[in-house]
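Enquirer:
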Amino acid sequence: MNLHDHDELDRLYALFKEQAEAISALVYRVTDPSAAGKKLREIINQLAVNKLVAVPSPLVNSCLNNAGAQTAAVHTTNLRNYAPEADLGLSEVDLAVAETGTLVQDSTAPEQRLVSTLPPVHVALVQTGRLVHYLSDAIDLFNTNKDTSSLPGYISFISGPSRTADIERVLTIGVHGPEKLYVIFVDRAGGACVE
Amino acid sequence: MNRRGDIKRDIKEALGNKNLRGALTRFGEAYLESRARAYAGKDFNALREEICAIKRNAADKMEDLAQRFTRAAEARGTKVFRAATAQEAREYIANLARQKNVRQIVKSKSMASEEIHLNEHLHQLGLETVETDLGEWILQLSGQKPSHMVMPAIHMTRGEVAQVFSKEVREQLPPDIPKLVKVARQNLRRKFLEAQMGITGANIAVAETGTIVIVTNEGNGRLTTTLPPLHVAVVGLEKLVEKFSDIKPILEALPRSATAQKITSYVSMITGPTPVAYPDGTTGDKELHIVLLDNGRTQMQADPVFKEALQCIRCASCLNVCPVFQIVGGHVYGYVYTGGIGTVLTAFLNGWQNASEIQNLCLGCERCKLYCPGKIDLPRLIRELRRRTGEKAGAPSISSQVMAKVLPNRRLFHSLLRAAGIAQKPFQRGGMVRHLPLFLAGLTEGRSLPAIVSKPLRDRVAQTPKTSQIVGDNQRQGVRVGFFAGCLVDFVYPRIGEAVKELLTSAGIEMVFPMEQTCCGVPALYTGLAHTAAEAARQNITAFEHAGVDRIVTACPTCAQAIKRYPEILAGEPEWHQRATTMANQVEHVTGYLHGVFQRLAGARLKKARGTTVTYHDSCHMKGCLGLTLEPRELLGLAGYNLVELECSDRCCGFGGSYSIKFPQLSRQILDNKLDTVAGAEVGTLALDCPGCLLQISGGLTSRGSAVTVKHTVELLDL
Ligand code: SF4
Ligand code: SF4
């Protein structure tokens, strides 16, 4: 589902990048899953990642296939066991909010939270068409259905890597969650997800 | 429980702690700037109107929402427990832990669980309960209490943290912040993975969906709600909102106001239990228990005045901007909730007698009110606390007894002031004079004593010929302006009143001085003497009605604000309330009034003071209550002054302290900070618009031997 026309998407992407980078996220935009795979390989090599955990989705799977990550062991099951030791967690998120640089995800499945919180690096894939402008737009998308039984059990809003300023108010990145957050926007994700 | 010790000793200790004061003052300054940046492009006032409406509605329907929340949450498989008291909440959680064989618990930051002293209770039962928020963990390891609602360990230095951690991990750690954070990550990671129960609070609870919203930065909230198979959330009833869409404005304001972030790293919206994953690769059903905590909140809700405190979203802005908090920090308040809001909460959660001392910490500067995203009038709530404590205690202090006796009797009051003027050293004498309710008691240390003039303003204006020269537009309108002097202008600074008279007369406006006017009532109001304040109000209303004026001006913003409150003070007396409203609508600060007049006259007639450089101090009540900031600056500009802005120009000078704070050393410290910035401005003249600030700051400057002169704006204008 594309929520906007192309110019609008470009503007939203630019705003997202500016806002997310201001809170220490690293933001990229690629055309398709094969380019996303290449970007992932770069990250794996650059950070010397040995163990990777990922929550499968069509986009995550094709990105992994294209990454050809022979150097790193990839785990996609029993993540509760592997995530604490992994160097990198990979997952797809559902929405991106431009005004705050925020990723939004239905993370009712605990694996979604494990891979994005336990490893020191989180790589989030998001379809460019899923950008929205305001935080309130994202909340509204969950709020449209009056039947509240369809509300996801756990909705995550993720903005930048984890941070603290609890010692002398000095900002320090990376506490209990990741110290690095990569966001890769994929314009044409392929499969059934994009119209 | 947890009864605080000696507050005076605590204050002394806090004042002696340079780390704390430095950290809080630096933060106070940085906070305002970064907060403004975070709100860029957002309309704070519109947002807080929305939040205020949402929370007010929720407070009105608190019980109904609690029931709807319970139904909705249970429909999704959550177990909801309604805890009437702290003890009930503690026991429920302890029983649950016992039933489920819990041995280790991880907690993410939650004020509600601190409020019910959950950790102590669980610890006594032999359960290991680990705080995982970095600041809270530091405090837990060092056996200290949080000093700030959002930044619990702001009073500690990296050196102290290094010592605490070194002891915990049995390794000598350097005072290196990133390294210390890593140590916390490694140590707490194990705890997360092993724990059988996770305890959190919640920032919002949505009645229609049974959803809780948790706002965090470090990621500990996420792990606490994900790893252990059992999640318990302790949620105060004031967290309830009606609709899912009500989350929006609160989520916009909370991070911006709390930490000056547009959004925190993590926001989790949890509706019902989600599966839990085990290390062996299996998944299971998680249990989610929500403890809806009352513990005094229903009582608050039933109170027509204090219900307003339920609009709080716990952002701590009221701490961050409070001149008293900036100097003493949170420990002085003695309980979990600190600062202005803490004073009110303590009364309801810990008992009125426990709030009786800390309510005196508020000097009524009204600053917090400007920043509160819940639109709570905290200074009003604190005044009300004082009033009720006064009634409850039954035995007022000597000075307030004297005030109650002297203030309603204007003749007695004024003749005592005159007597003090003649005696010249009024406050070193015994008896009545020493306890005069004028704001002057306790002003002796570190300041020069204010001299009560031998001839008050009321005698001087009576002598000037009544026939003022009426010119221009004002002549045709026949404008008559009544001057409300207030005690300080009348008896200490008549020169200000004379300057006003001269300016008005030259502008062709007749100024009258009703002789029956008396103290505005603020000293009584701030010491909780409601009846005395009401009597002063009635006398002033009568005096100005007799004078038959169109407008009332005063050179004191505190008096202006007090008169604007007369309708509130006389709310219970319909006839007086009507008359009070009329007077309240007529009153204006003279600088605001003159600004209007000279704008009409295009400032043409103001004599130019070429090249003289001045700086300007924004008095709390001038800016905070009356909203006058540009007007004095523009007037000074029109008069040809070269204005240099004062650093933190709107930081309180501490004068409020002389009548409402029983802690003069606090007031002195606040003054010292002000004097430092005045010295830094390197100018010869400081302009301001409040005789109280004038008294406080000029006294301080004189005792420092400074050559800076302090003038009321009207004294710097010449027509
Ligand atoms: S009115 Fe001033 S002194 Fe009182 S709590 Fe608010 S900011 Fe603090
Ligand atoms: S009273 Fe207002 S400013 Fe203070 S914590 Fe509550 S919402 Fe924030």
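Protein chains in written order, with the numbering used here: chain A, 957 to 1151; chain B, 685 to 1403.
Note that CB positions come from ideal geometry on N, CA and C, so glycine has one too.
Are the C-beta atoms of A:D1122 and some chain B residue less than 8 angstroms apart?
Expert: As a first step, residue 1122 of chain A is located in the first sequence; it is residue number 166 there, counting from the start. With 8 angstroms as the cut-off, A:D1122 counts as an interface residue toward chain B.
Enquirer: Return yes when at least one heavy atom of ligand 2 lies under 7 angstroms from the C-beta of B:Y1055, else no.
Expert: Mapped onto the second sequence, residue 1055 of chain B falls at position 371. Yes, since a heavy atom of ligand 2 falls inside the 7 angstroms radius drawn around the Cβ of B:Y1055.
Enquirer: Quick check: what's the CA-CA separation for A:L968 versus A:L1081?
Expert: Translated into positions along the first sequence, residue 968 of chain A becomes position 12. Translated into positions along the first sequence, residue 1081 of chain A becomes position 125. Between A:L968 and A:L1081, the C-alpha separation is close to 16 angstroms.
Enquirer: Mind listing which residues of the stretch 1023-1047 of chain A have their C-beta closer than 8 angstroms to chain B's C-betas, in chain order?
Expert: T1033, N1034, L1035, R1036, N1037 and P1040
Enquirer: Can B:A1000 be considered in contact with ligand 2, in the sense that its beta carbon sits closer than 7 angstroms to one or more heavy atoms?
Expert: The residue labelled residue 1000 of chain B in the question sits at position 316 within the second sequence. Within the cutoff, so yes.
Enquirer: Considering just the uninterrupted stretch of the alpha helix (DSSP H) at B:I1354, what are its terminal residues?
Expert: Position 670 of the second sequence, counted from the start, is the residue given in the question as residue 1354 of chain B. Run containing B:I1354: P1348 to A1365, per the alpha helix (DSSP H) assignment.
Enquirer: Could you name the residues of the same chain whose beta carbon sits closer than 7 angstroms to that of B:T841, not counting the 5 residues immediately before and after it, in chain order?
Expert: Taking the second sequence and counting its residues from 1, the one referred to as residue 841 of chain B is at position 157. Closer than 7 angstroms at Cβ, skipping near neighbours: N703.
Enquirer: Taking the alpha helix (DSSP H) that A:N1001 belongs to, which residues open and close that run?
Expert: Walking along the first sequence from the start, residue 1001 of chain A turns up at place 45. Element bounds for A:N1001: P989 to Q1002.
Enquirer: Where does B:H805 sit, in a helix, a strand or coil, going by DSSP?
Expert: Within the second sequence, the letter at position 121 stands for residue 805 of chain B. B:H805 falls in the helix class under three-state DSSP.
Enquirer: So is B:D930 buried or exposed if we call it buried at 16+ other beta carbons inside 10 Å?
Expert: Against the second sequence, residue 930 of chain B aligns to sequence position 246. Its Cβ being crowded by 16 or more others within 10 Å, B:D930 is buried.
Enquirer: Curious, which full-length beta strand (DSSP E) runs of at least 3 residues does the stretch 902-941 of chain B contain?
Expert: DSSP runs (the beta strand (DSSP E)) wholly in the stretch 902-941 of chain B: 914-920.
Enquirer: Along chain C, which residues have their Cβ under 9 angstroms away from the Cβ of B:Y962?
Expert: The structure shown contains no chain C; the protein chains it does contain are A and B.
Enquirer: Short of 9 angstroms Cβ to Cβ, which residues in the stretch 940-960 of chain B face chain A?
Expert: From the stretch 940-960 of chain B, only T943, Q945, K946, I947, T948, S949, Y950, V951, S952, M953, I954, T955, G956, P957, T958, P959 and V960 have a Cβ closer than 9 angstroms to chain A.
Enquirer: I want to check one thing, is the minimum distance from the CB of B:N1401 to the heavy atoms of ligand 1 below 7 angstroms?
Expert: Walking along the second sequence from the start, residue 1401 of chain B turns up at place 717. The sequence shown places Leu at residue 1401 of chain B, not Asn. Flag unset: Cβ of B:L1401 not near ligand 1.
Enquirer: What span of residues does the beta strand (DSSP E) with B:H973 cover, start to end?
Expert: Here residue 973 of chain B refers to the residue found at position 289 of the second sequence. Here the beta strand (DSSP E) through B:H973 covers E971 to L977.
Enquirer: Considering only C-alpha positions, which residue in the set B:P963, B:E799, B:L1047 and B:A886 is nearest to B:E772?
Expert: In the second sequence, counting from the first residue as 1, residue 772 of chain B sits at position 88. Of B:P963, B:E799, B:L1047 and B:A886, the residue nearest in Cα terms is B:E799.
Enquirer: What number of angstroms, rounded off, separates the C-alpha of B:I974 from the C-alpha of B:R755?
Expert: The residue labelled residue 974 of chain B in the question sits at position 290 within the second sequence. The residue labelled residue 755 of chain B in the question sits at position 71 within the second sequence. A direct Cα-to-Cα measurement between B:I974 and B:R755 gives close to 12 angstroms.
Enquirer: Which of the three DSSP states is assigned to B:M1199 in this structure?
Expert: Walking along the second sequence from the start, residue 1199 of chain B turns up at place 515. Residue state, collapsed to three classes: coil.
Enquirer: May I ask whether a heavy atom of ligand 1 can be found less than 7 angstroms away from the beta carbon of B:Y749?
Expert: Residue 749 of chain B sits at position 65 when you count from the first residue of the second sequence. Reading off the sequence shown, one finds Leu at residue 749 of chain B, where the question assumed Tyr. Flag unset: Cβ of B:L749 not near ligand 1.
Enquirer: Can you grab the Cα-Cα spacing for the pair B:V1155 / B:G1232, in whole Å?
Expert: As a first step, residue 1155 of chain B is located in the second sequence; it is residue number 471 there, counting from the start. As a first step, residue 1232 of chain B is located in the second sequence; it is residue number 548 there, counting from the start. Low confidence applies to B:V1155: its pLDDT is 42, below 50, so where it sits in the model is not reliable, and the reading given next is rough at best. Going from the Cα of B:V1155 to the Cα of B:G1232 covers about 20 angstroms.
Enquirer: A:D963 by DSSP, collapsed to three states: which one?
Expert: Your numbering for residue 963 of chain A matches position 7 in the first sequence. A:D963: helix per DSSP, three-state reduction.
Enquirer: Pull up the CB-CB distance for B:P1375 and B:L1101, whole angstroms please, since I reckon it's below 8 angstroms.
Expert: Here residue 1375 of chain B refers to the residue found at position 691 when the second sequence is read from its first residue. Here residue 1101 of chain B refers to the residue found at position 417 when the second sequence is read from its first residue. No, B:P1375 and B:L1101 are not in contact; Cβ-Cβ is about 15 angstroms, not under 8 angstroms.
Enquirer: Does chain B have any CB closer than 8 angstroms to the CB of A:A1065?
Expert: Here residue 1065 of chain A corresponds to residue number 109 of the first sequence, with the count starting at 1. It does: the Cβ of A:A1065 has a partner Cβ on chain B nearer than 8 angstroms.
Enquirer: Starting from the Cα of B:A1191, find the closest Cα among B:P963, B:K726 and B:V1165 and give me that residue.
Expert: As a working mapping, residue 1191 of chain B is identified with position 507 in the second sequence. Checking every option, the nearest Cα to that of B:A1191 belongs to B:V1165.
Enquirer: What residues in its chain sit with their C-beta under 7 angstroms from that of B:L1378, if we drop five residues either side in the sequence?
Expert: As a position in the second sequence, residue 1378 of chain B is number 694, starting the count at 1. Result list for B:L1378: Y1177, L1372, V1394 and H1396, in chain order.
Enquirer: For B:V1005, which three-state DSSP category applies?
Expert: Taking the first residue of the second sequence as position 1, residue 1005 of chain B is located at position 321. DSSP, reduced to helix, strand and coil, places B:V1005 outside both helices and strands of the structure shown, so it counts as coil.
Enquirer: Buried or exposed for A:V1027, going by 16 or more other Cβ atoms inside 10 Å?
Expert: Walking along the first sequence from the start, residue 1027 of chain A turns up at place 71. The sequence as given places Thr at residue 1027 of chain A; Val does not occur at that position. With fewer than 16 other Cβ atoms within 10 Å, it is exposed.
Enquirer: As an exercise, report each continuous alpha helix (DSSP H) stretch of at least 4 residues that is fully enclosed by the stretch 825-877 of chain B, in chain order.
Expert: 842-853
Enquirer: Name the chain B residues that come within less than 7 angstroms of A:Y1110, Cβ to Cβ?
Expert: Here residue 1110 of chain A refers to the residue found at position 154 of the first sequence. A:Y1110 reaches chain B at S952, I954 and T958, counting residues in chain order whose Cβ is nearer than 7 angstroms.
Enquirer: Grouping DSSP H, G and I as helix and E and B as strand, with all else coil, what is A:R1144?
Expert: Stepping through the first sequence from its first residue, residue 1144 of chain A is reached at position 188. A:R1144: coil per DSSP, three-state reduction.
Enquirer: Where does B:Q1380 fall in DSSP's three states?
Expert: In the second sequence, residue 1380 of chain B corresponds to position 696, counting from 1. Here B:Q1380 sits in helix by DSSP.
Enquirer: With a Cβ-Cβ cutoff of 8 angstroms, do B:L1213 and B:G1074 count as a contact?
Expert: What you label residue 1213 of chain B is simply residue 529 of the second sequence in a count that begins at 1. What you label residue 1074 of chain B is simply residue 390 of the second sequence in a count that begins at 1. A contact, by the Cβ cut-off of 8 angstroms.
Enquirer: When you measure from the CB of B:L1033 to every non-hydrogen atom of ligand 2, does any distance come out below 7 angstroms?
Expert: Locating residue 1033 of chain B in the second sequence gives position 349, counting from the first residue. No; taking the cut-off as 7 angstroms, the Cβ of B:L1033 has no heavy atom of ligand 2 nearer than that.
Enquirer: With hydrogens ignored, establish whether the beta-carbon of B:C1052 is closer than 7 angstroms to any heavy atom of ligand 2.
Expert: By 1-based counting over the second sequence, the position of residue 1052 of chain B is 368. It does: the Cβ of B:C1052 is within 7 angstroms (strictly closer) of some heavy atom of ligand 2.
Enquirer: Mind checking whether the beta-carbon of B:C1006 lies closer than 7 angstroms to any heavy atom of ligand 2?
Expert: Position 322 of the second sequence, counting from 1, holds the residue named residue 1006 of chain B. Distances taken from the Cβ of B:C1006 to the heavy atoms of ligand 2 include none shorter than 7 angstroms.
Enquirer: Apart from the five residues just before and just after B:T1128, which ones in its own chain have a Cβ nearer than 6 angstroms to its Cβ?
Expert: One-based indexing of the second sequence puts residue 1128 of chain B at position 444. Here B:T1128 scores only 39 on pLDDT, less than 50, and its place in the model should not be relied on; the value that follows carries that caveat. Nothing listed; no residue qualifies.
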